[in-house]
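Since the structure comes first, as structure tokens, the remarks are kept for the end.
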Amino acid sequence: MDAIILQVLNGLDKGSAYALIALGLTLIFGTLGVVNFAHGALFMIGAFCAVTLNRILSLSHEVVDETRTDFLGNPLKVDVPYVYDWFGEAAGQTIIDWSVPLSLLFAIPVMILIGVAMERGLIKHFYKRPHADQILVTFGLAIVLQEIIKYYYGANPIPTPAPQAFTGSFDFGAMVGMEANQIIYPYWRLVYFAFAAIVIGAVFAFLQFTTFGMVVRAGMADRETVGLLGINIDRRFTIMFGIAAAVAGLAGVMYTPINSPNYHMGMDFLVLSFVVVVVGGMGSLPGAVLAGFLLGILESFASMKEVIDLIPGINQIIIYLVAIIILLTRPRGLMGRKGVMED
Amino acid sequence: MFGLDKKDTSLLIIVAILTMLAPFILNPFPADSAMAQFNAGYPDLMQRFVIFGIFAIGFNILFGLTGYLSFGHAAFLGVGSYAAVWMFKLLSMNVIPAIILAVITSGLFALLIGFISLRRSGIYFSILTLAFAQMSFALAYSVLTPITGGETGLQLALDDPRILGASQTPEGNIPVPGLFGMEMRETTQIAVGAWEFTFNVGYYFCAVIMLLSFYLAIRIFRSPFGMMLRAIKSNQQRLNYTGLNARPYTLAAFVISGMYAGLAGGLMASMDPLAGAERMFWTASGEVVLMTILGGVGTLIGPVLGAGMIKYMENIISKINSDILHGWFAFMPDGLEDFVVAIVYPFIGKGWHLTLGIIFMLVVIFLPGGLVEGGQRIAKAFKRRKSDDASGKTSTEPAE
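First to last, the sequence lines map onto chains X and V. Each residue of the first sequence is one higher than the one before, counting from 213 in this note's numbering. Each residue of the second sequence is one higher than the one before, counting from 2 in this note's numbering.
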């Protein structure tokens with residue numbers, strides 16, 4: 213029993229990342245009908261927003277500390293971050309410590325801006341072109357974005373720790389009244405899952421309960437008619453692209469403590485996210501979320517020792533295997549709508 | 002000639018001449034000049050040009066003709082490499098059986114994957130092939146280690162049980178692949194004045210095979226079968242309504258292009274007898290897509306051009322570092338020199354991928370037909386200007 217709970221929990225954090233990226237992909241596909249291969253790059257840029265903010269906050273200047281001396285007897289020079297000067301030392305330390313959650317605020321406008329610029333500058337011209345062209349141009353864009361990040365931040369992973377309060381693990385089993393020391397789970401992963409749930413909930417609520425969301429949903433169903441009603445649907449879809457980019461970026465920001473960001477993390481996630489989208493059903497938002505969590509959890513079950521002993525190598529291929537089976541038996545994916553990308 | 006019309010024959014002959022004279026053409030700069038680093042005429046790189054040319058030609062038969070975008074083609078290349086290395090280990094160091102087995106194995110593998118993947122089309126097909134290739138990669142990396150050598154890759158060893166031929170040379174070394182006694186790595190260097198030209202047996206072997214497969218590709222493009230594939234690309238539904246089943250044709254195209262990939266893999270293993278799982282990774286599949294698009298989808302010569310361009314960038318442009326750049330721009334005033342170097346530097350050397358990405362995007366946006374279309378447009382513009390000039394002359398004839 214606890215083994216099962218542990219695997220479900222382990223699957224949740226990866227599943228959350230898959231679900232968030234797949235959600236953004238599906239939003240873009242459902243609204244604009246564009247297959248965005250650069251979505252993984254947006255995830256990666258989000259992660260590097262966290263790195264950037266961390267670096268900005270840690271910007272420091274040299275101060276001569278008269279009270280201490282180095283081994284030659286000269287007064288010691290200490291690097292003092294500017295935030296210490298502005299907010300005092302204790303508050304400054306807290307701010308730097310909390311740089312990853314703070315990056316969320318920083319990442320949202322940046323990602324929306326990037327998303328809108330991308331849509332207006334490039335994707336707009338590809339609505340009428342075949343899907344293969346869209347895949348190719350966004351694939352090229354992904355390479356370009358990735359190389360730009362690599363040029364400025366180098367090729368090595370950059371560790372970006374979570375706030376002190378969330379490092380370490382806790383005993384999940386004891387918390388829910390089971391045997392202690394059986395289910396040990398890192399705090400941040402739980403935070404990540406909660407965060408993902410909130411973002412997914414927010415996106416759905418936004419689409420379901422606001423006028424803007426209603427118009428967007430109407431546009432997804434029948435773009436032409438909505439346009440004929442005198443609504444500028446293109447502008448709303450552009451904003452949706454920005455939101456989808458922001459969702460991917462936020463997923464990236466929060467993922468940095470779990471996995472140190474490097475320039476190719478986006479591509480690694482992209483391939484799997486596409487599989488997730490296809491399994492969930494092209495154009496279906498609930499399908500993307502469901503498939504994301506499902507595949508994340510399946511993957512963690514497949515990496516259990518008992519399972520690997522039974523079928524060696526299954527942990528490496530389970531996602532692809534499931535994708536192949538689903539595509540062949542349920543061509544529309546788990547929750548795909550009829551008539552979307554049928555050909 | 003060879004059952005081709007005049008235009009195709011001349012294309013084939015031009016390609017043949019270019020590949021045969023490649024050691025000269027690719028080495029246009031004297032060996033001791035500053036430009037020598039742009040010389041691409043060394044055996045390793047020339048072999049890669051033609052091998053990836055074969056790979057891209059094969060990919061183009063699938064994507065260019067049928068429009069099915071496979072994102073997992075590198076799997077066949079990897080399978081071909083493994084098959085060839087196993088042939089070296091077990092049968093003989095002759096490259097012919099190795100290449101034959103590589104082609105057959107990858108063909109069978111392609112038959113299996115194609116049979117399943119081709120049930121779907123569009124992006125689903127891309128994802129299915131991607132999934133299969135990633136699965137093969139993951140399996141080759143982990144579970145299939147006894148067959149594939151896992152992380153270290155499959156290599157020849159001193160105690161290989163080779164049926165034909167000894168398992169080691171008299172000097173106690175691992176024997177090298179050859180063609181009936183001619184070693185693939187045999188090279189002759191000829192110095193003409195300041196120029197140095199390298200002739201390599203392996204390169205010429207690959208080049209001949211490349212020409213054969215290029216010829217075959219032309220025949221496929223011009224055959225009724227190729228016409229059928231084009232029909233599938235332009236409107237599959239209509240084809241179905243005329244009572245034709247498209248699946249056998251697409252499957253045949255898929256298998257043929259898989260066999261081309263296997264041939265490329267076998268040649269790769271023949272030039273350097275080792276095979277690793279990273280050849281099957283999806284970035285390798287992405288690379289062949291880049292090559293084909295850059296050169297020109299659906300054109301005959303495009304994929305070869307694209308392969309050559311990417312491999313040239315990967316091996317030559319990537320070697321330029323900032324010192325060399327400073328050397329080039331040394332004639333400028335200091336401040337300007339640093340400025341120019343700072344602007345150019347991100348795009349070359351280690352950043353060559355950035356340049357590649359930008360060029361690729363530009364090609365997809367503005368030149369869907371790739372470099373070939375670019376060349377045609379330039380040629381057309383020149384022709385038009387010439388005729389404009391001609392007509393202009395007649396109209397502006399002075400009256401006096």
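Every residue, glycine too, gets a C-beta built ideally from N, C-alpha and C.
Chain-order list of chain X residues neighbouring V/Gly-296: empty, with the shortest C-beta distance near 13 Å, by a criterion of under 8 Å. By DSSP's assignment, V/Trp-196 forms a beta bridge with V/Val-193. With its beta carbon less than 8 Å from one in chain V, X/Ile-529 belongs to the interface. Within 10 angstroms of the beta-carbon of V/Leu-165 lie fewer than 16 other beta-carbons, which makes it exposed.
Within chain X, the residues placing a beta-carbon under 7 Å from that of V/Ile-359 are Val-356, ordered along the chain. Within its own chain, the residues whose Cβ lies closer than 6 Å to the Cβ of V/Pro-176, once the five positions on either side in sequence are excluded, are Met-94 and Thr-170, listed in chain order. Between X/Ala-303 and chain V, the shortest Cβ-Cβ separation is not below 8 Å.
In its chain, beyond the 5 residues on either side, Phe-260 and Tyr-475 have a beta carbon closer than 6 Å to the beta carbon of X/Ile-361.
Contact annotation: X/Asp-225 and X/Phe-405 have beta-carbon atoms nearer than 8 Å. For the stretch 109–137 of chain V, the residues whose beta carbon sits under 8 Å from a beta carbon of chain X are, in order, Ile-117, Arg-120, Arg-121, Ser-122, Gly-123, Ile-124, Tyr-125, Ser-127, Ile-128, Leu-129, Leu-131, Ala-132, Phe-133, Gln-135 and Met-136. Between X/Leu-357 and X/Ala-253 a beta carbon distance of about 4 Å is seen, short of the 8 Å cut, so the two are scored as contacting. When secondary structure is reduced to three states using DSSP, V/Thr-188 falls in the strand class. For X/Glu-518, not one C-beta of chain V is nearer than 8 Å to its own C-beta. Setting aside the 5 residues that flank it on each side, X/Ser-515 is surrounded in the same chain by Asn-527, each with a C-beta closer than 6 Å to its C-beta; the list follows chain order. As computed with DSSP, V/Gln-238 is found in no beta bridge at all. The three-state reading of DSSP puts V/Thr-153 in coil, since its state is none of H, G, I, E or B.
Contact with chain V is absent for X/Asp-277, since none of that chain's Cβ atoms lies less than 8 Å from the residue's Cβ. V/Leu-230 and V/Leu-66 do touch by the CB rule: their CB atoms are close to 4 Å apart, below 8 Å. Contacts between V/Leu-140 and chain X, judged by CB atoms closer than 8 Å, involve Gly-525, Gln-528 and Ile-529 in chain order.
By the rule that beta-carbons nearer than 8 Å mark a contact, V/Met-362 touches chain X. Between V/Gly-203 and V/Pro-44, the beta carbon gap of about 6 Å places them in contact (Cβ cut-off 8 Å).
Around the beta carbon of V/Phe-116, a 10 Å sphere encloses fewer than 16 other beta carbons of the protein chains shown; the residue is thus reported as exposed.
Residues of the stretch 344–359 of chain V with a C-beta less than 8 Å from any C-beta of chain X: Pro-347, Gly-352, His-354, Leu-355, Leu-357, Gly-358 and Ile-359, listed in chain order. For V/Glu-288, the uninterrupted alpha helix (DSSP H) segment begins and ends at 283–296. Residue contact check for X/Gly-439 against chain V: no CB pair falls below 8 Å. DSSP places X/Glu-331 in no beta strand (DSSP E) but in the uninterrupted alpha helix (DSSP H) bounded by 311–333. Closest in C-alpha terms to V/Gly-287, from the list X/Met-426, X/Leu-441, X/Ala-503 and X/Met-479, comes X/Met-479.
The CB of X/Ile-361 never comes closer than 8 Å to any CB in chain V; the least such distance is about 10 Å. For X/Val-275, the enclosing beta strand (DSSP E) starts and ends at 272–281. In the three-state reduction of the DSSP assignment, X/Lys-289 falls in the strand class. When Cβ pairs closer than 8 Å are counted between the two stretches, the stretch 33–40 of chain V is seen not to touch the stretch 216–223 of chain V, the count staying below three.
Taking 8 Å as the cut-off, the Cβ atoms of V/Gly-371 and V/Ile-317 do not count as close. Taking 4 residues as the shortest admissible run, the stretch 36–120 of chain V contains the following complete alpha helix (DSSP H) segments, listed from N- to C-terminal end: 44–67, 75–91 and 96–118.
If you draw a straight line from the Cα of V/His-327 to the Cα of V/Asp-339, it is about 8 Å long. When only Cα atoms are considered, V/Leu-368 and X/Phe-481 end up about 30 Å apart.
Exclusion of the five residues before and after X/Ile-324 leaves Gly-454 and Ala-458 as the residues of its chain whose Cβ lies within less than 6 Å of its Cβ.
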